[in-house]
Structures are given as structure tokens and as C-alpha cells.
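Contents: one structure, followed by commentary.
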Amino acid sequence: MNKKIIKALVITTAVSMIISTTAAFADSGKSAKNSKTEQNINHNKNSYSNKHNNGIDDEKDDEEILGTVIRVYGNKIEVETEGAEIITVKITNKTEIEIENEDDEDNEESTFKCLKVGMIVDIELKNDKSNQHQLDAEKVTILGIESDDEDEDDEDDEDTTENVIINNASVEKIYNNNVLINNDGTLLILNITNETKFFNQFNQEITFAGIKKGMIVKVEHSPQMTKSIPAITNAVEITVIKDQKDNVKIKSEVVEVDKYDKTITIGNKEKLYEQLVLNINEDTKLLDRFNMPISIYNIKPGMIILVEHSSAMTRSIPAQTNAVSIKIVKSIPDSILLSTKVLDVLEDRILVGEKEHENTYKYLLINYKTIITDKNGKIIELSDIKEGMSITVEHSMISTLSIPPQTQAYIIIVNN
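When the sequence shown is numbered by my numbering, its final residue is 452 and no position is left out of the sequence of numbers.
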């Protein structure tokens with residue numbers, strides 16, 4: 037009987053030890069899970085630093101960027117380095133994107149959509165930073181995501197977080213119960229609630245209807261924001277600082293036109309620091325030399341344009357701003373502007389001139405670079421041009437000695 041009692045005590049003690057050990061492992065596993073991301077980030081960042089500190093691949097130092105993604109737009113990202121430098125990098129369809137995670141062998145192929153604000157990335161460039169025109173990414177390695185040291189599960193901390201104050205933000209758009217603001221290049225959507233208060237520059241309370249596009253405002257909003265781009269948050273208070281923001285007018289040369297991203301880069305094509313990227317939106321007015329509406333497709337590198345843009349600009353290199361209006365002042369160098377009539381339309385050329393005067397006949401050669409639009413700037417096809425139409429043409433100064441002469445057409449605008 038004593039042996040049975042002793043045996044039962046031994047079994048009970050063993051079970052208690054197993055339960056205690058299991059609980060300890062569960063606690064340590066939870067702690068390890070919470071710190072796993074931070075350990076991976078530190079490991080990857082240290083590996084990157086050691087690679088260069090040890091002299092390995094020093095020649096590529098100017099061809100790599102290590103930093104935090106602060107903006108994702110179009111097919112580009114803005115990265116802030118540890119030295120507080122903000123760099124814009126273009127992601128192409130040939131850019132390799134991977135996630136640095138040795139523990140996960142089942143990762144699917146990453147795409148541009150994987151890149152989010154707050155990610156720590158290591159970027160290998162196709163061209164080094166001395167290239168003044170475009171920084172293209174050869175490979176992007178996602179090292180991790182920056183996170184706060186605070187416990188994400190601590191709901192009590194969220195309740196005590198103070199509201200966020202933004203000074204000198206510009207109102208970009210107002211729709212339904214939302215206001216889109218630009219805070220030094222970062223867009224934010226303010227959700228207007230029944231508790232949101234509005235004040236004018238004299239600290240007098242006004243209604244939501246008193247907030248207009250173009251105003252400079254001071255904003256107090258909730259610290260809770262969505263992870264979308266732009267982020268969305270509830271507005272607590274909006275105070276008007278200035279009725280309208282001051283726009284800037286400059287005349288400059290077109291360096292690059294990105295029709296996909298709807299941006300136009302102007303300035304000194306040899307110096308990146310002296311360039312400015314103009315964001316084109318549905319409200320931007322685009323005009324030719326005769327004040328006729330055009331599209332972004334009519335604007336080409338080498339043109340001189342008169343630009344009115346927002347005074348609010350990003351701190352990136354090159355800086356970016358929203359274009360209010362763009363007017364062509366001088367067209368492509370070494371080109372001629374001609375208003376004429378269409379006499380005949382062939383497969384790859386148009387015969388123009390005055391019907392009764394053969395000495396005015398000229399063939400306009402059409403290729404894939406030729407831009408054809410209607411009078412409103414809408415892109416049309418060569419097949420849309422008919423005999424008898426009135427057109428405005430910008431073509432090369434160089435013509436053949438044939439009869440009639442032939443010349444390359446750059447831009448064709450159909451006037452009727």
C-alpha cells in the first residue's frame with residue numbers, strides 16, 4: 037500500500053513539473069515573437085553596415101541606399117537615409133524585390149505592391165548617385181518594418197496618446213466629408229465628424245463650408261490613422277491660417293516628361309539639385325503658345341514652359357510640387373510652327389499646303405513619336421485626320437530636296 041502511495045506522489049510531481057515547464061516555454065515564445073522583427077531588422081542593418089565597413093564592395097557604396105520608405109507613389113518611392121537625406125528612386129518592371137527573411141522559405145515573389153511606408157530597405161541602383169537624370173532600382177531588399185518599442189497590445193497607452201498638431205498644411209481637395217491636405221509633401225485625408233470644429237484666421241468659429249481648396253490651415257487630428265496611402269484620420273480641429281496659398285510662377289526648360297506617373301521635370305538637366313518635379317493632376321491647366329488646351333502628351337523635353345505651381349514643395353531631391361498651370365512658351369528647338377490644310381492622308385505621311393499653289397505642298401512624315409491631338413488636347417489617331425481639315429503642325433527645320441519636300445512632324449493639332 038505504501039508503494040502505491042509513493043508511486044502516485046511521484047507521478048503527480050512529474051505532471052506538475054511538465055505543466056510548469058510548458059507555461060515557461062509559452063511565455064518565452066511570446067516574448068521571442070514580439071522581438072523577432074526588431075532582431076531581424078538590427079541583424080540585417082548590421083550586416084549591411086559591416087559589408088561596407090569591412091571594405092567589401094566599396095566601389096558600390098554610391099550605388100546602394102539603406103533607409104526607410106517615407107512615401108510610395110506611382111512607380112517611385114522616397115527613402116530617408118540614416119543621414120536624413122531624402123532620395124527618390126524609380127521602380128521598374130525589371131526591378132527585383134525580395135524580403136530578407138531566412139526563416140520563411142515559402143515567400144512568394146514580391147512586387148511593387150509589397151513596398152509600404154515605414155519599411156527599411158536596401159536598394160541597389162542601376163546607376164550611381166552621380167547620374168543626375170534618374171535613379172533606377174536594380175534590386176530592393178526589404179529588411180523589415182520600423183515599429184515602436186511600446187507593446188502593441190497595450191490598449192491603455194492608446195487612450196492616453198495626445199492629438200497630433202500639423203502647422204501650415206495646404207488644402208488640396210475637398211469631397212463629401214473629407215479634406216485632403218498636403219503636409220510638406222505628405223498627403224493626409226481628414227475625416228470630418230460631428231465633433232470637428234472649424235475656425236477662421238481671427239479665431240472665430242465657422243462651418244465646414246468655410247474651408248476652401250488652396251487654404252493654409254492648422255490641423256489637430258486623432259493619433260489613430262489607417263495604414264493606407266494616403267493615411268486617413270479623424271479631424272478634431274481645423275483653423276484657417278491663410279485664405280489662399282501663394283503660387284509661384286517660373287519659366288524653365290522641360291527635362292523629362294513621365295506620362296505614366298503624370299509628372300514633368302524642369303530645370304537644369306545637368307544638375308539634379310536644380311530640378312523640380314511638377315505633379316500634373318486633373319485640375320492642372322495645360323496650354324499651347326496660342327492658349328489652346330493641350331495634354332501632357334504635347335509637352336516634350338527641350339520645350340520652354342511658363343509654370344505656375346504651389347509654394348508647398350517636398351524636401352526630396354529633386355523637390356516635387358503640384359502644378360497649377362503650364363503654358364508652352366517656346367517649342368522644341370530647331371522646329372517650325374505651321375498652320376495649314378490637309379490635302380491627302382497616306383499610311384505614314386500627310387500632304388499639306390494650299391490646294392491652288394503646288395509650291396506650298398509639303399509631306400509631313402508620321403512615326404511613333406509624332407503626337408496627334410484634337411483642339412482640346414485629346415490624343416487621336418492618324419486615321420482621324422481627313423482631307424480639308426485645318427491643322428497646326430510643329431515640324432523639323434530640316435526638309436528633303438524632293439518635290440514636294442518631306443519633313444518630320446513632331447506635333448499635329450487638328451483645329452476642327
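Beta carbons are placed, not taken as given, at the ideal position from N, Cα and C, and that holds for glycine.
Fair warning: this is a prediction, and the values are worked out from it, not measured in the lab.
task = Indicate whether I330 and L342 have their beta-carbon atoms separated by less than 7 Å.
result = Taking 7 Å as the Cβ cut-off, I330 and L342 do not qualify as a contacting pair.
task = Name the two residues that bound the continuous beta strand (DSSP E) containing N219.
result = That run of the beta strand (DSSP E) goes N214 to N219.
task = If I'm right that E256 touches N199 with Cβ under 8 Å, what's the distance once you round it to whole angstroms?
result = Between E256 and N199 a beta carbon distance of about 5 Å is seen, short of the 8 Å cut, so the two are scored as contacting.
message = Going by beta-carbon coordinates alone, are M251 and V272 separated by less than 7 Å?
response = No Cβ-Cβ contact shorter than 7 Å links M251 with V272.
key: Nearest-angstrom Cα separation, counted from N219 out to I202   = Looking at the backbone, the Cα of I202 and that of N219 are separated by about 7 Å.
message = Report the CB separation of I402 from D410 in whole angstroms; it is logged as a contact under 8 Å.
response = Your pair I402 and D410 does not check out as a contact, with CB atoms roughly 16 Å apart and the cut at 8 Å.
inquiry  = Tell me the DSSP secondary structure of I210 in three-state form.
reply    = It is a strand residue.
query = What is the DSSP secondary structure of Y333, counted as helix, strand or coil?
reply = In the structure shown, Y333 sits in a helix (DSSP, three-state: H, G or I).
inquiry  = Looking at M433: is its Cβ nearer than 7 Å to the Cβ of I372?
reply    = In contact: M433 and I372 (Cβ atoms closer than 7 Å).
G246 versus T222 - alpha carbon distance = The alpha-carbon atoms of G246 and T222 are separated by roughly 23 Å.
key: Where S346 falls: helix, strand or coil (DSSP)   = Strand, per DSSP.
query = Taking the C-alpha atoms as reference points, what is the distance between N227 and N214?
reply = Straight-line Cα distance between these residues: approximately 5 Å.
inquiry  = Using C-beta distances below 6 Å, list every residue in its chain close to I127, excluding the 5 sequence neighbours before and after it, in chain order.
reply    = The answer, listed in chain order, is N111, F148 and A173.
task = Leaving aside the five residues before and after M261 along the sequence, list all residues of the same chain whose C-beta is less than 7 Å from its C-beta, in chain order.
result = Taken in chain order, the residues that qualify are A267, I268 and T269.
ask   = With burial defined as no fewer than 16 other Cβ atoms inside 10 Å of the residue's Cβ, what is the status of E394: buried or exposed?
value = With fewer than 16 other Cβ atoms from the protein chains shown falling within 10 Å of its own Cβ, E394 counts as exposed.
message = Could you check whether I421 and V381 sit closer than 7 Å to each other, using their CB atoms as the reference points?
response = In contact: V381 and I421 (Cβ atoms closer than 7 Å).
key: Supposed close pair L308, A355 - CB separation, criterion 8 Å   = Between L308 and A355 a beta carbon distance of about 10 Å is seen, past the 8 Å cut, so the two are scored as non-contacting.
ask   = Which value, in whole angstroms, describes the spacing of the CA atoms of N304 and E392?
value = Straight-line Cα distance between these residues: approximately 47 Å.
task = Output the distance between the C-alpha atoms of K162 and L171, rounded to the nearest integer angstrom.
result = Take the alpha-carbon of K162 and the one of L171: they are about 7 Å apart.
message = I'd like the list of long-range same chain contacts for T357, defined as Cβ closer than 6 Å, with 5 residues on each side in sequence excluded.
response = H345, S346 and M349.
query = Helix, strand or coil: how does DSSP classify D193 here?
reply = Confidence in D193 is poor, its pLDDT being 46 and thus under 50, which makes the residue's placement too unreliable to answer from.
task = Pick helix, strand or coil for N304, following the three-state DSSP scheme.
result = Of the three classes helix, strand and coil, the one that applies to N304 here is coil, per DSSP.
message = Tell me the residue span of the beta strand (DSSP E) that contains L387.
response = R385 to V388 is the extent of the beta strand (DSSP E) around L387.
ask   = Tell me, which residues are paired with T409 by DSSP?
value = For T409, which the question treats as bridged, DSSP gives the partners I415 and I449.
message = Here's a check: name, in chain order, each residue in its chain whose Cβ is nearer than 6 Å to the Cβ of S361, leaving out the five neighbours to either side.
response = Once the five neighbours on either side are set aside, the close Cβ partners of S361 are K321 and E344.
query = From S435 to K249, what distance separates their C-alpha atoms?
reply = Approximately 49 Å between the Cα atoms of the pair.
inquiry  = I407 and V429 - do their beta-carbons sit closer together than 7 Å?
reply    = It is not a contact, given that the beta carbons lie outside the stated cut-off.
task = Quick one: residues in its chain with C-beta nearer than 7 Å to the C-beta of N451, no 5 flanking neighbours on either side, listed in chain order?
result = Answer for N451: K411, S426, I427 and T428, listed in chain order.
query = Closer than 7 Å, CB to CB, is I178 near chain D or not?
reply = In summary, chain D is missing from the structure at hand, where a single protein chain is found.
message = Using CA atoms only, rank isn't needed, just tell me which of L179, V253, V388 and V365 is closest to K288.
response = Residue identity check: residue 288 is Ser in the sequence provided, not Lys. Of the listed residues, the one whose Cα sits closest to S288 is V365.
Within 7 Å, strictly: CB atoms of V125 and I178 = I178 sits away from V125, with the two beta carbons spaced by 7 Å or more.
key: Simplified DSSP assignment, three categories, for Q442   = Here Q442 sits in strand by DSSP.
inquiry  = I need the DSSP call for D172, collapsed to helix, strand or coil.
reply    = Strand, per DSSP.
key: Assigned exposure category for T58 - 16 Cβ within 10 Å defines buried   = Residue placement at T58 is poorly supported in this model, since its pLDDT is 46, which falls under 50; the coordinates are not used for a value here.
Exposure label - Y296; buried when at least 16 CB within 10 Å = A residue is called buried once 16 or more other Cβ atoms fall within 10 Å of its Cβ, and Y296, having fewer, is exposed.
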